[in-house]
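The structure appears below as structure tokens.
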Amino acid sequence: MKTDVQIAQEAKMIPINDVAAKLGISDENLINYGKYKAKVSLDVLEELKDKPDGKLILVTAINPTPAGEGKTTTNIGLSMGLNKIGKTAITAIREPSLGPSFGMKGGAAGGGYAQVVPMEDINLHFTGDFHAITTSHNLISALLDNHIQQGNELNIDPRRIVWKRVMDMNDRALRNIVIGLGGKPNGVPREDGFDITVASEIMAIFCLASSLEDLKERVGNIIIAYRYDGSPVFVKDIHAQGAVALLMKDAMDPNLVQTLENTPALIHGGPFANIAHGCNSMLATKLSLKLAEYTITEAGFGADLGAEKFFDIKARFGDLKPDAAVIVATVRALKHHGGAKKEELGIENLEQLSRGFENLEKHIENIHKFGVPAIVAINQFPTDTEAELKFVLERCKELGAEAVLSEVWAKGGEGGIELAKKVVEVAESKQSNFKLLYDADEPIKVKIEKIAKEIYGADGVDFTKSCEKTIVNIEKMGFDKMPICMAKTQYSLSDDPTLLGRPSGFRVTVREIRVSRGAGFLVALTGDIMTMPGLPKVPAANNIDILPSGEIVGLF
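Per the working numbering, residue 84 is the first one in the sequence shown, and the count goes up by one each step.
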């Protein structure tokens, strides 16, 4: 079997200007980055502002497992399938981070015969958006430390600086550092650390901003530290927001590429799916809705994190109304949730499948809670038996969700035709009655408890003593009337990664709440959330190379 990169290198790409032309985008509104990728000027969005939006389809998944689900692959394959049945469709997805690409997780350009290309560029530096975010974030860090060095007019408490530095690479050695050593000319010594770029609040803002001016205002509202009297210090207090907006001006234009079958793809932004909302940029989604009949987008991790945040954060801020949600599952992954060991995943076992199906059942129920029709895409594997597939299809139907087999990894758009037909049928015949789970003006604890009880199935929520104090302070500062961004393990509906399937009788513990004032949400942390990953014992980077011919090897 060919590797993803081999399949991608054999793709017959067409010039990106031709891809744009199919959408009605003129050359004047393209900023080309070579022959096969370009940025689309936001002037297009302004020109099309009065045009009705197309259909919005969210692709989400069950809780991820080592067995694999194929959410991005399904997203891309569905867009290609829609084009095959005569619909104009755009896949709108996140940009990959360099850290996972050279670490263990891999890229985010799909797989098999459902990929976006040029995949090497997309998984590497692409158009430089992440570099712009990294530089913008670290400019704020430099200005903050310079302010303290130059007299600290704002009375910033160096022990209460909450703005770390960032880089787009996995490097555990930088999680906790000491800066300012070497004497008075080199700054004020203090503890600091690095997060990965996708965890930066600027990334979250970048993906929620409606314009460059909106981005500038949001960046100005980021809390970077606290004074000795406990009051917050904002980016605007050190006058950094204008320079950040300048650094970000080119990054704001969405990136246009294509799938292996030349279907348009907008790839823009990539916020951390735990401490942020895990969705591609609002601008790319809005642009796609104006350009195509169907926009196929996605959200990070399983539906308990990704779909909930897409609905309660992104859709809330962008006034988006999803027409349907596709939940990606595999028989293998469901059996994993049912207790199957790795070596048992390819062996028929309806008992394990039945137990594991409860995970999918909960996600279907959750999508319906938001008033959105649910479609289950069963990403088919050769080891799946007829009895197992029949079981899943029939159980989904009993729960009021249409279920379809998908073979996009092996067959590309051809393998997504049945899924595409079902998505069109549901989106055009079933009315989406989309509604939010909670009101942002509700008390912090009430919002968190609604998510934990209704979406996770928890019995309740426990707050640590320090978290209780934080909530009181947030309410005093008037920052409590914001949506909640839950940060918990992606592997379980609970906050315990070992509880697979559909756990019950558990409580969720919230140990910390952080204010992402610029992004516009509160982050509730459960368990230990890693914001600077480390490399595995054998990183993917060890097998990546470029040959004298220019051929790239080892990149998936």
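We put the beta carbon where it would ideally sit given N, CA and C, even for glycine.
*For the alpha helix (DSSP H) that contains L227, what are its first and last residues?*
That run of the alpha helix (DSSP H) goes 212–232.
_Can you look up F453 in the DSSP assignment and give me helix, strand or coil?_
coil
*For M335, which residues from the same chain have a beta carbon less than 6 angstroms from its beta carbon, with the 5 sequence-adjacent residues on both sides left out?*
L295
*Based on the DSSP secondary-structure assignment, which residues constitute the bridge partners of P315?*
Y309
*Can you tell which of K105, D126, M250, T413 has its C-alpha closest to the C-alpha of A150?*
T413
*Give the single residue among T143, A103, G117 whose Cα lies nearest to the Cα of S124.*
A103
*Looking at the structure shown, is K167 part of a helix, part of a strand, or coil, going by DSSP?*
helix
*Where the beta strand (DSSP E) through R242 begins and ends*: Unbroken beta strand (DSSP E) run through R242: 239–244.
_Outcome for Q59 when other beta-carbon atoms lying within 10 angstroms are tallied against a minimum of 16_ = Residue 59 cannot be examined here, being either before or after the span of the chain that is shown, 84 to 639.
*Would you kindly report the start and end of the unbroken alpha helix (DSSP H) that includes R415?*
414–420
*In angstroms, rounded to a whole number, what distance separates the CA positions of S371 and P616?*
Taking the straight line joining both Cα atoms gives about 32 angstroms.
*Where G160 and E448 are concerned, what is the direct C-alpha to C-alpha distance, given to the nearest angstrom?*
If you draw a straight line from the Cα of G160 to the Cα of E448, it comes to about 25 angstroms.
_Is the beta carbon of G137 closer than 7 angstroms to that of E376?_
yes
_Beta-carbon contacts of L502 that lie in its chain and below 7 angstroms, excluding the five residues immediately before and after_ = L161, G164, A460, V487, S489
*D110 versus I97 - alpha carbon distance*: 15 angstroms
*Nearest to V641 by alpha carbon, out of D395, A390, I527?*
Not covered by the structure: residue 641. The range shown for the chain is 84 to 639.
*Report the rounded CA-to-CA distance for L605 versus G633, giving the unit in angstroms.*
46 angstroms
*asked:* Between which two residues does the beta strand (DSSP E) holding E300 run?
replied: Careful: E300 lies outside any beta strand (DSSP E), inside the alpha helix (DSSP H) at 295–303.
_With a threshold of 8 angstroms on Cβ separation, who are the neighbours of K299 within its own chain once the five nearest residues in sequence on each side are excluded?_
So the qualifying residues of the chain are Q324, G325, V327, A328.
*Which residue comes first and which comes last in the beta strand (DSSP E) that contains K373?*
No beta strand (DSSP E) contains K373, which is instead part of the alpha helix (DSSP H) from 365–374.
*For L329, does the three-state DSSP call read helix, strand or coil?*
helix
*For A356 and F393, the rounded distance between their alpha carbons*: Their backbone Cα atoms lie some 10 angstroms apart in a straight line.
*Can you check DSSP and say which residues form a bridge with F546?*
V593
*Beta carbon of K564, beta carbon of D524: below 7 angstroms?*
The answer is yes: Cβ separation under 7 angstroms.
*Run through DSSP, which three-state label would T155 get?*
T155: helix per DSSP, three-state reduction.
*asked:* If you follow the alpha helix (DSSP H) that R478 is in, where does it begin and where does it stop?
replied: That run of the alpha helix (DSSP H) goes 469–481.
*Closer than 7 angstroms by C-beta to A624: which residues in its own chain qualify, once you throw out the five before and the five after it? Chain order, please.*
Excluding the 5 residues flanking it on each side, A624 has same chain C-beta neighbours closer than 7 angstroms at F185, in chain order.
*Stretch pair the stretch 240–253 + the stretch 214–225: three plus CB contacts closer than 8 angstroms*: yes
*DSSP on S651, reduced to helix/strand/coil?*
Outside the shown range of the chain, which is 84 to 639, sits residue 651, and nothing can be said about it.
*C290 lies in the alpha helix (DSSP H); which residues open and close that run?*
First-last of the alpha helix (DSSP H) with C290: 284–291.
*What first and last residue would you give for the beta strand (DSSP E) that runs through I173?*
172–176
*How far does the alpha helix (DSSP H) with S512 in it reach, from first residue to last?*
That run of the alpha helix (DSSP H) goes 500–512.
*With a 10 Å radius around its C-beta and 16 neighbouring C-beta atoms as the bar for buried, classify T280 as buried or exposed.*
buried
*Indicate the three-state DSSP secondary structure (helix, strand or coil) for L433 in the structure shown.*
helix
_Among S577, L339, K167, A510, the one whose alpha carbon lies nearest that of I139_ = The residue asked about is misnamed: residue 139 is Leu in this sequence, not Ile. Of the listed residues, the one whose Cα sits closest to L139 is A510.
*Mind checking who R273 pairs with in its DSSP beta bridge?*
Paired residues: I262.
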